[in-house]
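To start, the structure under review is shown below, and the notes come after it.
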DNA sequence: TATGAATGAGACTTCATTCAT
DNA sequence: AATGAATGAAGTCTCATTCAT
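Residue numbers (the working numbering), protein chains in the order written: chain A, 1 to 192; chain B, 1 to 192; chain C, 1 to 192; chain D, 1 to 192.
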């Protein structure tokens, strides 16, 4: 449908520009140009720039959520499941640096003020794989009895740093590194 | 010296406004007002807005670096030194939320594009306590043999997340939490 | 005829929106929506927005002219005829506040620049009841020997003010008030 | 003072453009050009276009109020005082057609929604010459016992019509006409 | 005829920076 | 050195009108 086509052109043009230049270096006119549409066209699909920005966020969130669920097997031991999810998420980030840069900017801006950083990590509402996993781990004494939010910090803080360093070219993450980092994060949260 | 006084007024007015409102919601005129100087005066002390922003960053970096060195005793075991530094840094962040918010924004913006995130953590040039500590730990097999940058990620990624959550009011970090988090980070990097 | 139906839908949608919101707060797209037609359809029936606006004016003029002629009996004394017409017109205005608001806006805008205010009062061309009445009055020395346009002003100026005040809710015109106002206007123009 | 100079340039440029072209045909950029200032300069003196528009209104109101008070002698009979004020106001309007056109547009627009039409006529607050005059007349039985707002309508409705016709060139008001119109208005409101 | 997505000129407003004082 | 009024480029958004379907 043509409807969806233009909308998608706008979304990806905006994603790319904002990721690379930041919110205020990506004026609507530039987004329109890159998307190959008229300036006013954006306002047919999005109420205003904020709405566009939030919509991109929601789309990315959806994609990431479904990506990390792939190949997830609930029957494995908790450690293996944690490592699988952790590596899956980092790999997604590395393979989609624009998505990652966008998320990072979004969280550090008034645009993302209402939404929480941890939403991206799946904590939305009650159906969060990570949250479930942590709670199960606490119950079974596999994971330290800490507030969930601290477990998030211990698990994903390093990931975000690594992804940023990788994106900036400060490090070239290889499979070995990734496996080791995942294991280290597990060690940070596991019950000794 | 009067010179330094006005300069400092400008720096702290800008720090406060930018921390709370973000870069583009802190116009030069507003900074001038808050600093109690004329708009043109800022340009006597700083070439332009970018220069001002970068200067604030450098000042904060200096303050933080000296703050965490306080009470640091090179004679203690490596684990104790790591925990001491880690807690000291987190405490500084918590006690200076404006500094932290400023840093966060700076890193996620084109302004900070040239400077690296890890500079704040002391990696500037060659004189870094943390770097030294990690290298010593690797040599003595107390710390995993990973690239320094990964050890940074494992150590400070969680800290930034915790500080952000704390700043946002998502969690009220108590001493117990902080100690546990520091220990968890040590477990992430220590040699098994 | 379908032709006329859509045209009328457009006309009344535009009348309502413009009356309530003003010319520039009544975009063509909104008019189309309210009329239940596509935006482009308006341009089949009207050359452009100006043409639509002028057409509405002409339709209202027609309606008003025929409304005040109702029940008009040429056989009565001139004073009674004046009062009858005056009250009839005011009543029309009060019963059709949208029409009145539209007229008022039209006259005070570039749209109505070409057409004259007094057209609404029936002075179009040569067939005006009011004009005839005034001329008869002058001839028979019942009415002051003043330029017709001044007699219009003395007769209808108060009416417009009263209607505006009524529309704005500043006064709730009752029958007694209306009768008194009509009489006062007659006194303003009658020969002593 | 230079401050006041630019402000006045802006005010009179805006007055002229809006009077002649209407609110939406007088963009800020055009006003700035005509005033000989930069586009942004307007916003130093006025918060936004609305504020500018309202400020012009207030200035005109002040001028008119003081103009009609000139040569007013409270010691004369009420009829003479009424005629004096009425003629004074009409003359002001005729001599300042831009002011009049501005007022007319203002009253028929959302800009003037909050302020009432009759403010211009002096009904502001409690110190209104006209209001006082009417009330005195009612008390002394020189003027019909009607709501003040109706007396306003009967007195000033014709004036506005005459001024409009004069401005549009439909009539060339001469002194004789003006005197007669004033007298006619008096007859409309006076007790028989 | 009818549609409504698309357009792009143009409106209002902000703000980093300059410069006469 | 200090000021702050002035500037104008640039940003967001609206809307009359067109045209492919």
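All residues carry an ideal CB built from backbone N, CA and C; glycine is no exception.
- Bridge partners of residue 63 of chain D, per DSSP? Mapped onto the fourth chain, residue 63 of chain D falls at position 63. BP columns for residue 63 of chain D are empty, so no partner.
Practice prompt. Buried or exposed for residue 5 of chain C, please, with buried defined as at least 16 other CB atoms from any protein chain shown within 10 angstroms of its CB.
Written response: Residue mapping note: residue 5 of chain C aligns to position 5 of the third chain, counting from 1. Residue 5 of chain C counts as exposed, since fewer than 16 other C-beta atoms from the protein chains shown sit within 10 angstroms of its C-beta.
Could you tell me which whole alpha helix (DSSP H) segments of length 4 or greater appear in the region 46-97 of chain B?
If we require 4 residues or more, the alpha helix (DSSP H) runs fully inside the region 46-97 of chain B come out as 49-69, 78-95.
(request) Could you check which residue in B:41, B:95, B:106, B:148 has the C-alpha nearest to that of residue 19 of chain B? (result) Start at 1 with the first residue of the second chain, and residue 19 of chain B comes out as number 19. Looking at the Cα atoms, B:106 is the closest of the given residues.
Using C-beta distances below 7 Å, list every residue in its chain close to residue 182 of chain A, excluding the 5 sequence neighbours before and after it, in chain order.
Reading the first chain from its first residue, position 182 is the one you call residue 182 of chain A. Cβ neighbours of residue 182 of chain A beyond the five flanking positions: 83, 86, 87.
Exercise for review: Evaluate residue 110 of chain D with the Cβ neighbour count: other Cβ atoms within 10 Å of its Cβ, from every protein chain shown; 16 or more gives buried, anything less gives exposed.
Suggested key: Counted from its first residue, the fourth chain places residue 110 of chain D at position 110. Exposed, by the Cβ-count rule.
Would you say residue 165 of chain A reaches chain B, if we count a Cβ-Cβ gap shorter than 9 Å as a contact? Along the first chain, read from residue 1 onward, the residue named residue 165 of chain A stands at position 165. Taking Cβ atoms only, chain B reaches closer than 9 Å to residue 165 of chain A, which makes this a yes.
Subject >> Ordered list of alpha helix (DSSP H) runs contained in the region 128-156 of chain C, each at least 4 residues >> reply: Correct list: 129-139.
Any C-beta of chain D under 9 Å from that of residue 154 of chain C: For this step, residue 154 of chain C is matched to residue 154 along the third chain. Chain D, which has a Cβ nearer than 9 Å to the Cβ of residue 154 of chain C, makes this yes.
ask   = Going by the beta-carbon positions, is the gap between residue 156 of chain A and residue 71 of chain B smaller than 9 Å?
value = Sequence index remark: in the first chain, residue 156 of chain A carries index 156 (1-based). Sequence index remark: in the second chain, residue 71 of chain B carries index 71 (1-based). Between residue 156 of chain A and residue 71 of chain B, the CB-CB gap reaches or exceeds 9 Å.
Quick one, are the C-beta atoms of residue 137 of chain B and residue 172 of chain B less than 9 Å apart?
-> What you label residue 137 of chain B is simply residue 137 of the second chain in a count that begins at 1. What you label residue 172 of chain B is simply residue 172 of the second chain in a count that begins at 1. Between residue 137 of chain B and residue 172 of chain B, the gap from beta carbon to beta carbon reaches 9 Å or more.
Q. What's the C-alpha gap between residue 90 of chain C and residue 185 of chain C?
A. Locating residue 90 of chain C in the third chain gives position 90, where the first residue counts as 1. Locating residue 185 of chain C in the third chain gives position 185, where the first residue counts as 1. Their backbone Cα atoms lie some 12 Å apart in a straight line.
**Asked** Do residue 147 of chain D and residue 166 of chain C have their CB atoms nearer than 9 Å?
**Response** Sequence index remark: in the fourth chain, residue 147 of chain D carries index 147 (1-based). Sequence index remark: in the third chain, residue 166 of chain C carries index 166 (1-based). In this structure, residue 166 of chain C does not lie closer than 9 Å to residue 147 of chain D by Cβ.
### Anticipated Cβ contact below 8 Å, residue 52 of chain B with residue 14 of chain B, distance rounded
Taking the second chain and counting its residues from 1, one reaches residue 52 of chain B at position 52. Taking the second chain and counting its residues from 1, one reaches residue 14 of chain B at position 14. Yes, they are in contact, since the Cβ atoms of residue 52 of chain B and residue 14 of chain B sit about 6 Å apart, within 8 Å.
Discussion item. In whole angstroms, give me the CA-to-CA distance for residue 42 of chain C and residue 100 of chain C.
Written reply: As a first step, residue 42 of chain C must be located in the third chain, where it is residue number 42. As a first step, residue 100 of chain C must be located in the third chain, where it is residue number 100. Residue 42 of chain C and residue 100 of chain C: Cα-Cα distance of roughly 24 Å.
*asked:* Tell me the residue span of the alpha helix (DSSP H) that contains residue 29 of chain A.
replied: The residue labelled residue 29 of chain A in the question sits at position 29 within the first chain. DSSP places residue 29 of chain A inside the alpha helix (DSSP H), whose first and last residues are 28-35.
Fill in: Residue range of the unbroken alpha helix (DSSP H) whose run includes residue 179 of chain C
Locating residue 179 of chain C in the third chain gives position 179, where the first residue counts as 1. 175-189 is the span of the alpha helix (DSSP H), which, as asked, contains residue 179 of chain C.
Exercise for the section: Give the residues of chain C in contact with residue 104 of chain D, contact being defined as C-beta atoms less than 7 Å apart. Expected result: Looking up residue 104 of chain D in the fourth chain gives position 104. Ordered by position in chain C, the residues that pass the 7 Å Cβ test against residue 104 of chain D are 108.
- Query: Of the residues A:77, A:94, A:11, A:175, which one's Cα is nearest the Cα of residue 55 of chain A?
  - Reply: Position 55 of the first chain, counted from the start, is the residue given in the question as residue 55 of chain A. Answer by Cα proximity: A:11.
### Message
Just verifying my parser: in three-state terms, what is the DSSP assignment at residue 122 of chain A?
### Response
Against the first chain, residue 122 of chain A aligns to sequence position 122. Only weak support exists for where residue 122 of chain A lies, its pLDDT of 47 falling under 50; the value from the coordinates is given anyway. The three-state reading of DSSP puts residue 122 of chain A in coil, since its state is none of H, G, I, E or B.
request  = Answer with buried or exposed for residue 29 of chain B, where buried requires no fewer than 16 other C-beta atoms within 10 angstroms of its C-beta.
outcome  = As a first step, residue 29 of chain B is located in the second chain; it is residue number 29 there, counting from the start. A residue is called buried once 16 or more other Cβ atoms fall within 10 Å of its Cβ, and residue 29 of chain B, having fewer, is exposed.
Check your understanding: Tell me which same chain residues have a C-beta within less than 6 Å of the C-beta of residue 141 of chain B, skipping the five on either side of it?
Key -> The residue labelled residue 141 of chain B in the question sits at position 141 within the second chain. If you ignore the 5 residues before and after residue 141 of chain B, its C-beta comes within less than 6 Å of the C-beta of 191, all in its own chain and listed in chain order.
- Query: So which of C:163, C:169, C:144, C:159 has the shortest CA-CA distance to residue 188 of chain C?
  - Reply: What you label residue 188 of chain C is simply residue 188 of the third chain in a count that begins at 1. The closest CA to that of residue 188 of chain C, considering only C:163, C:169, C:144, C:159, is found on C:144.
(message) Can you find the residues in the same chain that come closer than 7 Å, C-beta to C-beta, to residue 60 of chain A, ignoring five residues on each side of it along the sequence?
(response) By one-based count along the first chain, residue 60 of chain A stands at place 60. The answer, listed in chain order, is 99, 102, 103.
**Message:** Given this structure, state the Cα-to-Cα distance separating residue 75 of chain C from residue 81 of chain C, to the nearest angstrom.
**Reply:** To locate residue 75 of chain C, count along the third chain from 1; it is residue 75. To locate residue 81 of chain C, count along the third chain from 1; it is residue 81. Distance between residue 75 of chain C and residue 81 of chain C, taken at the CA atoms: about 9 Å.
| message | With H, G and I counted as helix, E and B as strand and the rest as coil, what does DSSP make of residue 40 of chain A? | response | The count along the first chain starts at 1 and reaches residue 40 of chain A at position 40. Per DSSP, reduced to three states, the secondary structure at residue 40 of chain A is helical.
Residues from the region 15-39 of chain D in contact with chain C, defined by Cβ distance under 9 Å
Against chain C - using a Cβ distance shorter than 9 Å - the residues of the region 15-39 of chain D are 21, 22, 23, 24, 25.
- Taking the alpha-carbon positions, what's the residue 95 of chain A to residue 180 of chain A distance? As a position in the first chain, residue 95 of chain A is number 95, starting the count at 1. As a position in the first chain, residue 180 of chain A is number 180, starting the count at 1. So the alpha carbons of these two residues sit roughly 19 Å apart.
> Taking the alpha carbon of residue 108 of chain B as the point to measure from, which residue in A:175, A:44, A:34, A:160 has its own alpha carbon closest?
Replying inline: Here residue 108 of chain B corresponds to residue number 108 of the second chain, with the count starting at 1. Ranked by Cα distance from residue 108 of chain B, the options A:175, A:44, A:34, A:160 are led by A:160.
Would you grab the beta carbon distance between residue 92 of chain D and residue 68 of chain D for me? Rounded to a whole angstrom, and I think it's under 8 Å.
For this step, residue 92 of chain D is matched to residue 92 along the fourth chain. For this step, residue 68 of chain D is matched to residue 68 along the fourth chain. Rounded, the Cβ-Cβ distance is 6 Å, consistent with contact.
_I'd like the list of long-range same chain contacts for residue 151 of chain A, defined as Cβ closer than 6 Å, with 5 residues on each side in sequence excluded._
What you label residue 151 of chain A is simply residue 151 of the first chain in a count that begins at 1. Only 134, 189 meet the Cβ criterion.
Find the residues of chain B that neighbour residue 174 of chain A, judging by a C-beta separation of less than 8 Å, and give them in chain order. As a first step, residue 174 of chain A is located in the first chain; it is residue number 174 there, counting from the start. Below the 8 Å Cβ cutoff, chain B contributes no neighbours of residue 174 of chain A, its closest Cβ being approximately 10 Å away.
In chain C, which residues lie less than 8 Å from residue 97 of chain D when you measure between Cβ atoms?
Start at 1 with the first residue of the fourth chain, and residue 97 of chain D comes out as number 97. Counting only Cβ-Cβ distances below 8 Å, residue 97 of chain D has no contacts in chain C at all, with the closest Cβ about 14 Å away.
- Would you please verify whether the beta carbon of residue 161 of chain C is less than 9 Å from any beta carbon of chain D? To locate residue 161 of chain C, count along the third chain from 1; it is residue 161. For residue 161 of chain C, the closest Cβ of chain D is nearer than 9 Å.
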